[in-house]
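Okay, structure first, notes after.
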Amino acid sequence: MNTTLADQSGATLTVEDGMLHIRMVIPDLAEGSDAADAALMMFAARGDLFQGMVLWDQYEAIYRVYQRRLDQVCGNGAFTNLYDPLCQVAASYATVRGVRQYTGEKFVDEAVSCMERVPAIGLLLRGGLLTPTQFRLALDQVAAVIDADVLAVIDVDDRRPTPHRRQSDRAAGDRDRRCCCR
Numbered sequence: 008m009n010t011t012l013a014d015q016s017g018a019t020l021t022v023e024d025g026m027l028h029i030r031m032v033i034p035d036l037a038e039g040s041d042a043a044d045a046a047l048m049m050f051a052a053r054g055d056l057f058q059g060m061v062l063w064d065q066y067e068a069i070y071r072v073y074q075r076r077l078d079q080v081c082g083n084g085a086f087t088n089l090y091d092p093l094c095q096v097a098a099s100y101a102t103v104r105g106v107r108q109y110t111g112e113k114f115v116d117e118a119v120s121c122m123e124r125v126p127a128i129g130l131l132l133r134g135g136l137l138t139p140t141q142f143r144l145a146l147d148q149v150a151a152v153i154d155a156d157v158l159a160v161i162d163v164d165d166r167r168p169t170p171h172r173r174q175s176d177r178a179a180g181d182r183d184r185r186c187c188c189r
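Counting along the sequence shown from 1, when you hit position 17 you're at 24 in this note's numbering, and nothing is skipped either side.
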């Protein structure tokens, strides 16, 4: 199979009927030409962008579970549970994923930050403009900010359009989206 760089330009992630569909051409690993190496490099770079898009959907899913647990506690009018909803969701997530409690708590905390504290930065993750590592670094930088007004300014400043963002911002705005990586 002869894969060119043009084959990689059509890589897409779509959401149809509640299912994620990732379309990427996998280059031939056996071929040794410079063009094949360039296609392999492009494949590796494109895959990293899709990780952010999928991670955003994972954050949204765990955030919904967290919100439901929080609504159950608030709906009763009294806090009767030994652990708060975040710890309960984190423990369940850690058990299902097979990781330690701390890892589960960190993931749920990142999801809550993505959806509540810095949603505009979260949209950059969803749009494929930030990798998961870049997003986590941004979360680390705003973790100590407790003033809601300052946090809102930071979130909006990171969202200002630049020429390379405009195309992806339109694609990221739709829930049933199709993000094309160029």
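Each residue gets a CB set at the ideal place from its N, CA and C atoms; glycine is no exception.
{"Asked": "Classification of M49 by the beta-carbon crowding that lies within 10 angstroms, buried from 16 upward", "Found": "buried"}
{"Asked": "Cα-Cα separation, R53 to L27", "Found": "16 angstroms"}
{"Asked": "Residues of its chain near Y73, where Cβ-Cβ distance is below 8 angstroms and the 5 sequence neighbours each way are ignored", "Found": "P92, L93, V96, V115, A118 and V119"}
{"Asked": "Chain-order list of residues whose beta-carbon lies under 6 angstroms from that of P139 (same chain, five-residue window excluded)", "Found": "Q58, G59 and L62"}
{"Asked": "One or two residues paired with V119 in a DSSP bridge", "Found": "DSSP lists no partner for V119."}
{"Asked": "Residue environment, D24, which counts as buried when at least 16 other CB atoms sit within 10 Å", "Found": "exposed"}
{"Asked": "Straight-line Cα distance separating A42 from Y70", "Found": "43 angstroms"}
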